[in-house]
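Peer 1: Once you've had a glance at the structure underneath, I'll fire off some questions.
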Amino acid sequence: MLSRWKYLPLLLLAGLLVLFTGSALAQSNEKYSGATNGEGEALTGTFLVIWGDPQPNSGEAAQTLYFLVTDAGEELQLAISADTLAAAGGVTALNGRRVTIHAIRQAVPGDDTAAAVTGAIELVPGQPSDPSPITGTQPYVSILCKFNDIPDQPRGLSYFTGMYSNSYPGLDHYWRETSFNQVNIAGSNAYGWFTLPQPRSAYFDAEGNLLRNDVLFDCIGVANASVNFPSFSGINMMFNANLDCCAWGGSRTLTLDGVTKQYGVTWEPPWAYNNITVMAHEMGHSMGMPHSSGQYGLVYDNRWDVMSDTWTDCDRATHATYGCVGQGTISFHKNLVGWIPAARRFTLGSSAQTITLQRLAQPGASDYLMAILPINGSSSHYYTVEAHKWAGYDVKLPLEGVVIHEVIDGVAYVIDIDGDGDTGDSGGQWLPGETFYGQDDNVVAINSATSTGYTVTLSRGSGPTDPHEPNNNRANATLIAYGDVVDDPLIDPAGDVDFYRFNGQAGDAITVDIDAVTLGSDLDSTLQLQNASGNLLAENDDTTNHDSLLTYTLPSNGVYYVRVREFNHGNEGGSSYFYTLKLTKQGVATAADIYVATNAIGVTADGQSFNKRDILRWDGDTGAWSLHQSGNAIGLPTNADIAAFDIPSAANGSANMAFTKNVTIAGVGTILPHDLLLHDPNGFALRFDGSDVGLSTAGEKLDGVELLPGYLSPIGTNCDKYILFSVKTGGSVSAYNGGTITFSGEDVLGFCSTQLGTNTQGLWHLLIDGSAEGMPRNSTDSLSASADGQTIYLTTKGNFNVDGASGTHSMVYTYSLATGQFSGPIWSGLDEGLPKTVDGLDVIAP
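If you count by mature numbering (1 follows the signal peptide of the UniProt record, and there is no 0), then the sequence shown holds residues -26 to -1, 1 to 820, one letter each, in order.
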């Protein structure tokens, strides 16, 4: 039985300040951060939330805004610390509920009145224990509003009325299936176009933020004569030009046509209603569903949920009229809004139980739809377990399998066990034969698949043990040597200390490196280096992500000791406090420059910003980061996401690039994920057409490339270039000597090109059979090669331990064609200040 036993940490939400659009309100958070509990005015009313979702690849951040509609009818935007929000049970425990707060008013520019919350948020007694379910008929109205200085009407009225259809992919059809027929939006309608009384510029403050109230009331006002609003449950406002950062969705208390009630409300720019997945996402917010995510501090990275990553898998579900179609949502959200009856919701007690989980899309009529595994008896911290199959709207999902989320204060975080940043690969999928060990001794064993789900055994039992114990003192220290990676120790139980010893020589420049939080552990490590007498030589608490690293030059020959323990020693420890320890002796610094593309936007430790269509350069001599290629500057579209690249000439800024999804380039056409696009001083050109030479399936999407001189090819004659490729998960091509090459995502293919461009021609062979070399399946994430083609550089999608190479993603390993051996890592993106996962690589020696 495969047992994947890494654990995800309790996400450190406390102490982070809730962020708001508009600097003045953010300043009010800072101004009142030291306010006394209960200071200010006591206010009672209804707590409401609005979420803002930016256009993909815009570089804008997601927004979450909190409001109180007081019993006197006043609406206040609230500044709330994350600690206060968590103490009240999180956003889902408050949204739509009557609460009492203490707050200090703060006037801010714009159309909202603000108040800084200074004490606990308390539910008003006498309410139901759970939010009201969203069930039955809930019709929405779309009102089409155009700014009076922009005459465009991007879509006709029939487009918007058809969007509510009860046929695929209409929203009535979508919500009926997603809710197990618990809710429908029959009776929904659309009206317009109506002309707003102001130009677009009048609806923004000085900082470019949308004045949501102004545009809301003006849009409703111009439509009021045509619409009887109280007959609808929600209002979707469709605008004829982009708004601020975002499309917005949430709920508002409005008095319309003489009736005061709570409406679901969304503000939709054209890019949103052009893709019905965004409409589903924003309407989900209007029903009270928050975002889910991975554990990486991002918002839109859970590929299993329409309320998170609605874009990555659009190639699996796109409609000719309504664009990208949404997948379903997760069991936590379906349960939140009352769509999973108690009889189909299993909660683990003290005894093990084997149950069958039905898939969340088009499930069978019996068996469970979700399982809940409480953590330390908490009602706000628990795991959910659910089944996914390719059915209904879930054909969009990246894989089939059991999916596990950790819910913390009303937000669900998908378990991505390999920590590679991709929640939709095998790290987020649990299959028969695999076992998850979680906090509080929760165990999920996947037993078997059924035609419509999976059978699982849920229990509470002990997790893995530390094989190096006892090593709690110097006398019992575990012996290690330079180059060793200890990848299976634990700080368990609380108060545990681990000692390691090694032999060193005077002048050895050593590095001791701990990876824990980086791998999803709960351990906040501290690290000490001691001499043979136990005297302290060096120590470190935190470097990156609370993980420890120290460097030291040894003063003399002899025995040295490394001590590892939890920062909160004596109070924390357990089976989820795992780590790896690596001991190295430093040699000559890497002289090569490292070029990388990443899986997300970010900023390096030395301040270089980047996004998914950029190529970064790390200087091997100085360690400084710079931008080799700005995707925006060269004209790559905003949806471009570089999956692989090769740099023909660093001097002129050129690059051959492959992308994770289709991109359209003016004058070139559509570049598929199997193609290479060249950009050089002459502009863009198609460099390699994968479909011409047998690459066409999803598994054959390129994720690594190196272009070498043709004379290095071991096959063929008159090769123009010898190109090395790795792909996403595998496929097959015709071999140069007849027959078929079947390959996987860990393999490296060689291609002798006899013609490149729009009619690509050449010959294939298998250069490296990764599985035969001991590589994990589909593990190669990017590759490069030395100038002579004899050394392959690669990064992997997760943990890697083959031959002498050991580490995790975003580290560069080497493979020698001469010896058939792996080594490294020779470089680590995380250690060099790169906060995101490496998704493309080129190593260029001076």
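Even glycine gets a Cβ: it sits at the ideal position worked out from N, Cα and C. Model, not experiment: these values are computed from the prediction.
DSSP three-state call for residue 612: helix, strand or coil?
Peer 2: Within the sequence shown, numbered from 1, the residue matching residue 612 stands at position 638. Looking at residue 612 - three-state DSSP - the assignment turns out to be coil, as it is neither helix nor strand.
Peer 1: Inspect the beta-carbon positions of residue 832 and residue 533 and report whether they are closer than 7 Å.
Peer 2: Look at the range of the chain in this structure, -26 to 820, and you will see that residue 832 is not part of it.
Peer 1: Taking Cβ positions, are residue 359 and residue 418 nearer each other than 7 Å?
Peer 2: For this step, residue 359 is matched to residue 385 along the sequence shown. For this step, residue 418 is matched to residue 444 along the sequence shown. Yes, they are a contact pair.
Peer 1: Do you know how far the Cα of residue 160 is from the Cα of residue 71?
Peer 2: On the sequence shown, position 97 is the one that residue 71 refers to. On the sequence shown, position 186 is the one that residue 160 refers to. Their Cα atoms are separated by approximately 26 Å.
Peer 1: Terminal residues of the continuous alpha helix (DSSP H) containing residue 220?
Peer 2: What you label residue 220 is simply residue 246 of the sequence shown in a count that begins at 1. Unbroken run through residue 220 is the beta strand (DSSP E), 220 to 230; no alpha helix (DSSP H).
Peer 1: Looking only at DSSP bridge pairs, what is residue 695 linked to?
Peer 2: Counting from 1 along the sequence shown, the entry for residue 695 is found at position 721. Its beta-bridge partners are 683, 727.
Peer 1: Quick one: residues in its chain with C-beta nearer than 7 Å to the C-beta of residue 224, no 5 flanking neighbours on either side, listed in chain order?
Peer 2: Counted from its first residue, the sequence shown places residue 224 at position 250. Here the set comprises 22, 23, 24, 25, 239, 259, 260.
Peer 1: Taking 6 Å as the limit between beta carbons, can you name the residues of its chain near residue 490, skipping five residues before and five after?
Peer 2: On the sequence shown, residue 490 is found 516 positions in, with the first residue counted as 1. Excluding positions up to five away in sequence, the list reads 497, 499, 521, 553.
Peer 1: Rounded C-beta distance between residue 828 and residue 814? I'm assuming under 8 Å.
Peer 2: Here the chain has residues from -26 to 820 only, and residue 828 is not among them.
Peer 1: Please give the ranges of any alpha helix (DSSP H) in the region 249 to 289, keeping only runs that are unbroken, at least 4 residues long and fully inside the region.
Peer 2: Runs of the alpha helix (DSSP H) inside the region 249 to 289: 250 to 260.
Peer 1: Taking 7 Å as the cut-off, decide whether the C-beta atoms of residue 879 and residue 302 are in contact.
Peer 2: In the structure as shown, the chain starts at -26 and stops at 820, and residue 879 therefore has no counterpart that could be examined.
Peer 1: Just the C-alpha distance for residue 504 and residue 473, rounded to the nearest angstrom, thanks.
Peer 2: As a position in the sequence shown, residue 504 is number 530, starting the count at 1. As a position in the sequence shown, residue 473 is number 499, starting the count at 1. Looking at the two C-alpha atoms, the distance is approximately 10 Å.
Peer 1: Does the count of Cβ pairs from the region 451 to 465 and the region 415 to 431 closer than 8 Å reach three?
Peer 2: Short answer: they don't touch.
Peer 1: Hey, how far is the Cα of residue 415 from the Cα of residue 547?
Peer 2: Taking the first residue of the sequence shown as position 1, residue 415 is located at position 441. Taking the first residue of the sequence shown as position 1, residue 547 is located at position 573. Residue 415 and residue 547: Cα-Cα distance of roughly 13 Å.
Peer 1: Buried or exposed: which applies to residue 623, given that a residue is buried once 16 or more other Cβ atoms fall within 10 Å of its Cβ?
Peer 2: Position 649 of the sequence shown, counted from the first residue, corresponds to residue 623. The residue is exposed, with fewer than 16 neighbouring Cβ atoms inside 10 Å.
Peer 1: Excluding five sequence neighbours on each side, which residues of the same chain lie with their C-beta closer than 6 Å to the C-beta of residue 610?
Peer 2: As a working mapping, residue 610 is identified with position 636 in the sequence shown. Only 587 meet the Cβ criterion.
Peer 1: Taking its Cβ as the centre, do 16 or more other Cβ atoms sit within 10 Å of residue 123, making it buried, or is it exposed?
Peer 2: Numbered from 1 along the sequence shown, position 149 holds the residue referred to as residue 123. Label assigned to residue 123: exposed.
Peer 1: Where do the ends of the beta strand (DSSP E) carrying residue 345 lie?
Peer 2: Stepping through the sequence shown from its first residue, residue 345 is reached at position 371. Taken as a continuous stretch (DSSP letters only), the beta strand (DSSP E) holding residue 345 covers 344 to 348.
Peer 1: Tell me which residues share the same chain as residue 695 and place their Cβ nearer than 6 Å to its Cβ, disregarding the 5 neighbours each side in the sequence.
Peer 2: Mapped onto the sequence shown, residue 695 falls at position 721. Closer than 6 Å at the Cβ level, and outside the excluded window around residue 695, lie 681, 684, 727.
Peer 1: How should residue 101 be labelled, buried or exposed, when 16 other C-beta atoms within 10 angstroms of its C-beta is the threshold for buried?
Peer 2: In the sequence shown, residue 101 corresponds to position 127, counting from 1. Per the 10 Å Cβ criterion, exposed.
Peer 1: On the three-state DSSP scale, how would you describe residue 121?
Peer 2: The sequence position of residue 121 within the sequence shown is 147, counting from 1. In the structure shown, residue 121 sits in coil (DSSP, three-state: anything other than H, G, I, E or B).
Peer 1: Tell me, please, which residues DSSP counts as bridged to residue 28.
Peer 2: Counted from its first residue, the sequence shown places residue 28 at position 54. Answer is 220.
Peer 1: Is the Cβ-Cβ distance between residue 347 and residue 322 less than 7 Å?
Peer 2: Taking the sequence shown and counting its residues from 1, the one referred to as residue 347 is at position 373. Taking the sequence shown and counting its residues from 1, the one referred to as residue 322 is at position 348. Yes. Within cutoff.
Peer 1: Closer than 6 Å by C-beta to residue 563: which residues in its own chain qualify, once you throw out the five before and the five after it? Chain order, please.
Peer 2: Taking the first residue of the sequence shown as 1, we reach residue 563 at position 589. Any reading at residue 563 needs caution, since the residue's pLDDT is 38, under 50, leaving its predicted position unreliable; the model's value is listed next. Answer for residue 563: no residue qualifies.
Peer 1: For residue 630, count neighbouring Cβ atoms within 10 angstroms of its own Cβ and tell me buried if that reaches 16, exposed if not.
Peer 2: Along the sequence shown, read from residue 1 onward, the residue named residue 630 stands at position 656. Its Cβ being crowded by 16 or more others within 10 Å, residue 630 is buried.
Peer 1: Going by DSSP in three states, residue 155 sits in which element: helix, strand or coil?
Peer 2: Along the sequence shown, read from residue 1 onward, the residue named residue 155 stands at position 181. Coil.
Peer 1: Secondary structure at residue 66, three-state DSSP: helix, strand or coil?
Peer 2: Locating residue 66 in the sequence shown gives position 92, where the first residue counts as 1. The answer is helix: DSSP assigns residue 66 an H, G or I state.
Peer 1: Quick check on residue 328: buried or exposed, where buried means 16 or more other Cβ atoms within 10 Å of its Cβ?
Peer 2: As a first step, residue 328 is located in the sequence shown; it is residue number 354 there, counting from the start. Its Cβ having fewer than 16 others within 10 Å, residue 328 is exposed.
Peer 1: Based on the DSSP output, what are the partners of residue 311 in its beta bridges?
Peer 2: Residue numbering aside, residue 311 sits at position 337 when the sequence shown is read from its first letter. None; residue 311 has no bridge partner.
Peer 1: Nearest-angstrom Cα distance between residue 719 and residue 660?
Peer 2: As a first step, residue 719 must be located in the sequence shown, where it is residue number 745. As a first step, residue 660 must be located in the sequence shown, where it is residue number 686. The straight-line gap from Cα to Cα measures roughly 24 Å.
Peer 1: Assuming residue 725 contacts residue 740 (C-beta within less than 8 Å), just tell me the rounded distance between them.
Peer 2: To locate residue 725, count along the sequence shown from 1; it is residue 751. To locate residue 740, count along the sequence shown from 1; it is residue 766. Their Cβ separation, rounded to whole angstroms, is 11 Å, which puts residue 725 and residue 740 out of contact at 8 Å.
Peer 1: Between the alpha carbons of residue 262 and residue 69, how many angstroms are there, rounded?
Peer 2: On the sequence shown, position 288 is the one that residue 262 refers to. On the sequence shown, position 95 is the one that residue 69 refers to. Approximately 7 Å, taken between the alpha carbons.
Peer 1: Considering just the uninterrupted stretch of the beta strand (DSSP E) at residue 134, what are its terminal residues?
Peer 2: Along the sequence shown, one-based indexing puts residue 134 at 160. Careful: residue 134 lies outside any beta strand (DSSP E), inside the alpha helix (DSSP H) at 131 to 136.
Peer 1: Looking only at its chain, what residues have a beta carbon closer than 7 Å to the beta carbon of residue 530, apart from the 5 residues adjacent to it on each side?
Peer 2: Working through the sequence shown from its first residue, we reach residue 530 at position 556. So the list reads 480, once near-sequence residues are dropped.
Peer 1: Can you tell me which of the three DSSP states residue 735 falls into?
Peer 2: By 1-based counting over the sequence shown, the position of residue 735 is 761. The answer is strand: DSSP assigns residue 735 an E or B state.
Peer 1: Note the first and the last residue of the continuous alpha helix (DSSP H) segment covering residue 358.
Peer 2: The sequence position of residue 358 within the sequence shown is 384, counting from 1. Segment 355 to 362 is the beta strand (DSSP E) holding residue 358; no alpha helix (DSSP H) there.
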